[in-house]
Amino acid sequence: MKPSGIQCVLLDDGLSGVADLAEGYKWHDQFTVSPTKRIVRIEFVAQNILLDLVLSMQCEVNPSTIGNILATFTDEFEASITASAGDAEVVGFKSVACYRTGLDITTSGTTEEIESSLLDAWNQYKERGNLRFEHKALNDHLVRIVLRIAGQCKKPGLGDNEITLTKSSPAHMQPVIKAFPETI
1 MKPSGIQCVL LDDGLSGVAD LAEGYKWHDQ FTVSPTKRIV RIEFVAQNIL
51 LDLVLSMQCE VNPSTIGNIL ATFTDEFEAS ITASAGDAEV VGFKSVACYR
101 TGLDITTSGT TEEIESSLLD AWNQYKERGN LRFEHKALND HLVRIVLRIA
151 GQCKKPGLGD NEITLTKSSP AHMQPVIKAF PETI
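Under our numbering, the first residue of the sequence shown carries the number 1, and numbering increases by one thereafter.
Listed below in structure tokens is the structure:
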């Protein structure tokens, strides 16, 4: 890849179930001038934290325990994201919320909504055997935590807050592109 001019590789290291099928992120350093860096997938981190937490607590997850579980889960998730934000190997964070619950991320949520989403996620795990965060209030909660910590640690976030995203699609340029066909 050196002749291609690619300076470095940024890898999402949160693909679940592929540890035995893929090399570690540092393995890719041999192909570029600069070292490979990590992008942390937040749902992967969160799902692992919840599984470890519930299994270590050895308690039943139900409406009467979900409040304490959410509080501990949130504390542990915040600590993990803060540690990643301080890690020089981590250059950013990634969420799959857009695929699972949409990009209309709320700026706040009630504890009751988040507890209900967490309980739903756990019940789904018990039924299906795999934990997958695809619950709006929970996913939004995770994204808000990451954005707050990324801002505090000066890590990349969502970009320029002056941009109007509804006007930012390259598709809006189609008329001007057609008007100047000689440009490359």
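Backbone N, C-alpha and C fix where the C-beta goes; we use that ideal spot for every residue, glycine too.
Following the DSSP letters along the chain, one finds F180 in no beta strand (DSSP E), marked with neither H nor E.
Taking C-beta separations shorter than 6 angstroms and ignoring five residues to either side along the sequence, the partners of S34 in its chain run Q7, C8, following chain order. Around A97, the same chain offers N139, V143 as residues with beta carbons nearer than 6 angstroms, after the five sequence neighbours per side are excluded. K136 is not bridged by DSSP to any residue.
Here V96 carries a coil assignment [DSSP, helix/strand/coil].
With contacts defined by Cβ atoms closer than 8 angstroms, K126 and R41 do not form a contacting pair.
With distances taken between CA atoms, E89 lies nearest to L10 out of L10, H141, A171, V176. Residue environment: E23 is assigned as exposed (fewer than 16 neighbouring CB atoms within 10 Å of its CB, all protein chains considered).
Counting along the chain, no alpha helix (DSSP H) covers D104, and no H or E run does either. Around the Cβ of H141, a 10 Å sphere holds 16 or more other Cβ atoms; the residue is buried. Counted as a single uninterrupted DSSP element, the stretch harbouring V61 is not any alpha helix (DSSP H), since DSSP gives it neither H nor E. The C-alpha of K26 lies about 14 angstroms from the C-alpha of G14. Residue range 111 to 128 is occupied by the alpha helix (DSSP H) that includes I114. Spanning the alpha carbons of P175 and P181 requires a straight line of approximately 10 angstroms. Per DSSP, the unbroken beta strand (DSSP E) holding D12 starts and ends at 10 to 12. In this structure, the beta-carbon distance from L70 to E113 does not fall below 8 angstroms.
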